[in-house]
Amino acid sequence: MHPLRVRPSRAVALPAIAAVTALALAACSASASGEPDAGGASPEAGGFPVTLDNCGFETVVEAPPERVVTIKSSTTEMLLALGLGDRIVGSAFLDGPVPDSLESVPAVEEPFAAEAPGSEATLALEPDLVYAGWESNLTAETAGDRETLAQLGVATYVSPAACKEDGYMPDPLTFDTVFDEIVEVGSLFDAEDAATRLVEEQRAALGAIEPDDRGLTALWWSSGDDTPYVGAGIGAPQMIMEAAGLTNVSADVHDTWTSLGWENVVEADPDVLVLVDAAWNPADAKIETLESNPATREMTAVKEGRYVVVPFPATEAGVRNVDAVASVVDQLADLDL
């Protein structure tokens, strides 16, 4: 069975989508999919179609996607790492440059949207799959809600690490969750061998890292000025810090990230500050804030210059998390403690 591809032309106006939707629904009613297996996927002969319970939404992929829109760096870099960059027809909302270790493609080097794209721009690229880093990337206000896109023959897949509903949000996020996504994406693209190799490489690299053993405490500052947005107890920051041997001073907050007042940061006085380097909130600006504020400049980590920097694209669940752990450990070793 070929993928359902009811696609509006590049010139189609959004009000005309309703008519296209009716055609898509008629086509969908004639299609069939197998019952899900214990892992959530339901391969038929030849491995397709594949049906997944993805963040509580039933995603059906009829055949390996050939035209993919990726939203967020984590999804874009996942496909590049699996050797599937040639399937990307458009990328959007990238959080930073692709690392030199990954071979890029024109659709990534020139994203079609700086932030979450709208549905018209997304449909103009005629995708058969939209792979999103956040659930909020797939709404009526952004790339399109998942049900409507499915009716138009466009499958959707959200990084499972970003699921927020009870029973779907990883609690806590672990490297096994990250590796499971690699395997699941491999199954969607008939790229199981590439996924297996990538997981083996990442497991080996993670196993080779020797965590810092000095019992250091740390605060993970992602963004925010008036009120810092920091890594909490169950998300990627906690996963990375724990693997690196750091004790997160905000680990008792049962969330992925959280807001934390400066008075609480000063009171915690962590040994190390992990600073996320983002284009909209670079690490240098964070350091300037810390060293100019009368309260924070008296913190031990600030007075001693104990900063560890992590690029934003490595801070969300994905193929760069293992490298992030290794980088944190290397930077800790260089600190004067």
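Take the sequence shown: its letters are residues -32 to -1, 1 to 305, numbered as in mature numbering (1 follows the signal peptide of the UniProt record, and there is no 0).
Using N, Cα and C, we set each Cβ at its ideal position, and we do this for glycine too.
- Message: Suppose you measure from the CA of Gly273 to the CA of Glu34; what does that come to, to the nearest Å?
- Response: 48 Å
- Query: Thinking C-beta only, is Leu300 closer than 9 Å to Ala246?
  - Reply: no
- Nearest CA to the CA of Ala123: which residue from Ala129, Arg114 and Leu62? Arg114
- Buried versus exposed, by CB contacts within 10 Å (16 or more), Glu149: buried
- Message: Quick check on Asp144: does DSSP put it in helix, strand or coil?
- Response: helix
- Task: Pick out whichever of Leu91, Arg165 and Ala219 has its Cα sitting closest to the Cα of Gly112.
- Result: Leu91
- Message: Given this structure, state the Cα-to-Cα distance separating Pro79 from Asp237, to the nearest angstrom.
- Response: 40 Å
- Message: Measuring only the C-alpha atoms, how far is Leu(-8) from Ser59?
- Response: Any reading at Leu(-8) is ruled out, since the residue's pLDDT is 35, under 50, leaving its predicted position unreliable.
- DSSP-derived helix/strand/coil call for Val66: coil
- To the nearest angstrom, how far is it from the Cα of Ala294 to the Cα of Trp189? 18 Å
- Who pairs with Tyr197 in a beta bridge, going by DSSP? Ser191 and Ser227
- Among Phe147, Ser104, Asp302 and Glu109, which residue has its Cα nearest to the Cα of Glu133? Ser104
- With residue 369 as the anchor, note down where its alpha helix (DSSP H) starts and where it stops. For residue 369 there is no data in the structure shown, the boundaries of the chain being -32 and 305.
- Specify whether the segment 44 to 51 and the segment 246 to 266 touch according to this definition: at least 3 beta carbon pairs, one from each stretch, less than 8 Å apart. no
- Enclosing alpha helix (DSSP H) for Glu272 [first to last residue]: That residue, Glu272, is in no alpha helix (DSSP H); it is neither H nor E in DSSP.
- Roughly how many angstroms lie between the CA atoms of Arg288 and Thr116, to the nearest whole one? 32 Å
- The beta strand (DSSP E) with Val221 in it runs from where to where? Note, Val221: premise wrong, no beta strand (DSSP E); not H, not E.
- Message: For Glu284, which residues in the same chain have their Cβ closer than 6 Å to its Cβ, ignoring the five residues on either side in sequence?
- Response: Ser42 and Ala204
- Could you tell me whether the Cβ atoms of Ala200 and His222 are closer together than 9 Å? yes
- Message: Let's see if you can read the secondary structure: which residues bound the alpha helix (DSSP H) around Ala49?
- Response: Ser41 to Ala49
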